[in-house]
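Sequences listed follow chains A and B, in order. Everything in the first sequence is counted per our numbering, starting at 15 for the first residue and increasing by one. Everything in the second sequence is counted per our numbering, starting at 15 for the first residue and increasing by one. We treat Cβ as the ideally placed atom computed from N, Cα and C, and that holds for glycine. Data block below; observations after.
Protein chains: 2
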Amino acid sequence: MRELQDRILKEGKYLGGGILKVDSFINHQVDPVLMNHCGLEFARRFKDLGATKVLTAEISGIAPALTTALHLQVPVVYARKQKPITMPDQVYLTLTPSHTKGRTVELIVSPEYLAGGEKVLIIDDFLATGATIQGLVRLAQAAGANVVGIGALIEKTFEGGRGVLSYLGVPIESLAIITAMEGDQIYFQEGA
Amino acid sequence: MRELQDRILKEGKYLGGGILKVDSFINHQVDPVLMNHCGLEFARRFKDLGATKVLTAEISGIAPALTTALHLQVPVVYARKQKPITMPDQVYLTLTPSHTKGRTVELIVSPEYLAGGEKVLIIDDFLATGATIQGLVRLAQAAGANVVGIGALIEKTFEGGRGVLSYLGVPIESLAIITAMEGDQIYFQEGA
Chain A
15 MRELQDRILK EGKYLGGGIL KVDSFINHQV DPVLMNHCGL EFARRFKDLG
65 ATKVLTAEIS GIAPALTTAL HLQVPVVYAR KQKPITMPDQ VYLTLTPSHT
115 KGRTVELIVS PEYLAGGEKV LIIDDFLATG ATIQGLVRLA QAAGANVVGI
165 GALIEKTFEG GRGVLSYLGV PIESLAIITA MEGDQIYFQE GA
Chain B
15 MRELQDRILK EGKYLGGGIL KVDSFINHQV DPVLMNHCGL EFARRFKDLG
65 ATKVLTAEIS GIAPALTTAL HLQVPVVYAR KQKPITMPDQ VYLTLTPSHT
115 KGRTVELIVS PEYLAGGEKV LIIDDFLATG ATIQGLVRLA QAAGANVVGI
165 GALIEKTFEG GRGVLSYLGV PIESLAIITA MEGDQIYFQE GA
């Protein structure tokens, strides 16, 4: 998606260690117009899957998941990293390593909002190692739901997440695909 | 706002202790169509303030803040509760008590995205004691920005937040105003 790729080139900063800073339009400040366009594009690419729910992980997945869900006209559930007091005692919980936090985090979904037979579209900001998305897949499977597609705003191919998730046999769509980062240079796979 | 009030009556659950559970459409599962309508309504009410930025707190403020920012066509910044590795060492940080977490949490904003002279519209899911919103006000003031308005999806008048924030002299708008909760009953102030 040209608009996202151009924005990454303009404002993204490679911090080393595989970390791309996109805090000015995705991860701290959010450009709602860009997010809406990304949601529209995800909805277009996934429109034939019959998704009944969008699933993401707090925090940075919420914006693109919300706009995707808006255009697909289905609810979005964001997995919590801490169990709020409003959640029942019995929950779906999985552990996942957080690349940017340097530790293991919990992902928690209430059985109230993820049911057997649902068709789940997973949307997140990054597809890197695929660890967070695999955690979301495990939560969906624990609920007896079917994952029908996976979408990420930005994929870093060199971290191998797409290969890790390929066993699912579902469409994986990324709106910007980064093949390498080096110094000030960010290299994209064309046609994403 | 009738649509939000009706949804609270239909799906909201009073858990006691002043806690209203709205996890099926705001705080865990989100109805994106409803959130979009709420954002449109905030944008309508605040359209003459000249806001240059929407400010909220992760996590539950993100959805209504994003849709409001979309309709106002300005960026949204969500204050982080943990400093990510992409953030500079020098930040604006304030402490605020969390009612639902039972402890003090940090609210952190990078100076990169909140500048002196900006006109800040604060949007959050709840206006209860006003503590979180006061934390956001302190962050804006630390940056030399001006708070021009405050919006909440749901206000609980009996926790007094509106009075606490009145010294700011800015418009405070809530889309559903709850005056009391008792057993299965939720009482609204009409005309919100």
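Close-in-space but distant-in-sequence residues of the same chain around residue i (CB under 8 Å, 5 per side omitted)
i      : result
P102/A : S124, P125 and E126
A206/A : M15, Q19, E169, S188, L189, A190 and I191
K121/B : Looking at the sequence shown, residue 121/B is not Lys but Leu. Cβ within range, chain order: A71, A93, R94, K95, L107, T108, L109, T110, T146, G149, L150 and L153.
Close beta carbons around residue i, own chain, < 6 Å, minus the five adjacent residues each side
i      : result
G158/A : G130
G41/A  : Per the sequence shown, the amino acid found at residue 41/A is Asn instead of Gly. For N41/A, where only same-chain residues beyond five positions count, the Cβ hits under 6 Å are S74.
P185/A : G163
G8/A   : Residue 8/A falls outside the range modelled here, since chain A spans only 15 to 206, and no answer is possible.
Q203/B : I191 and T193
F60/B  : L135 and G163
M195/A : Y28
G144/A : G175, V178 and L179
A77/B  : V44 and M49
H132/A : The sequence shown places Glu at residue 132/A, not His. Contacts found: T66, K67 and A159.
Where residue i meets chain A, residues with beta-carbon distance less than 9 Å
i      : result
Q43/B  : K67, P89, V90, V91, Y92, S124, E126, Y127 and L128
T100/B : K27, L29, I33, L34, K35, V36, D37, N41, H42 and T114
DSSP-derived helix/strand/coil call for residue i
i      : result
A129/B : coil
Q43/B  : strand
L29/A  : coil
A157/A : coil
M195/A : strand
E173/A : helix
K67/A  : strand
D103/B : coil
P78/B  : helix
E187/B : strand
G116/B : coil
V88/A  : coil
K24/A  : helix
Under 8 Å from the C-beta of residue i: neighbouring residues of chain A
i     : result
M49/B : L80 and L84
Beta-carbon neighbours of residue i, restricted to chain B and to distances below 8 Å
i      : result
P185/A : Per Cβ cutoff of 8 Å: no residues; P185/A is ~21 Å from chain B at best.
A77/A  : I76 and L80
E207/A : Only positions 15 to 206 of chain A appear in the structure, and residue 207/A is not among them; the question remains open.
Cβ-based burial, residue i [other Cβ within 10 Å; buried from 16]
i      : result
D139/A : buried
F56/A  : buried
R208/A : The structure shown does not extend to residue 208/A, since chain A is modelled only from 15 to 206, so the question has no answer here.
S38/A  : buried
T81/A  : buried
G26/A  : buried
L23/B  : exposed
Contacts around residue i, its chain only, beta-carbon distance under 7 Å, and the 5 residues preceding and following it disregarded
i      : result
A154/A : L69, L128, V134 and V161
R21/B  : F39 and L48
H51/B  : E17
A83/A  : V68, P89 and V90
Residue i: contacting residues in chain A (beta-carbon distance under 7 Å)
i      : result
I168/B : Result: empty, since nearest Cβ-Cβ is about 13 Å, beyond 7 Å.
P111/B : Residues of chain A passing the Cβ test: none, with the nearest at roughly 15 Å.
Where residue i meets chain B, residues with beta-carbon distance less than 9 Å
i     : result
I73/A : E72, I73, I76, Y92, R94 and K95
(message) Closer than 8 Å is the cut-off here; do at least three beta carbon pairs connect the segment 44-51 of chain B with the segment 82-92 of chain A?
(response) When C-beta atoms of the segment 44-51 of chain B are compared with those of the segment 82-92 of chain A, three or more pairs fall below 8 Å, so the two segments count as touching.
(request) Pair every Cβ in the segment 106-122 of chain A with every Cβ in the segment 69-79 of chain B, then say whether three or more of these pairs are closer than 8 Å. (result) no
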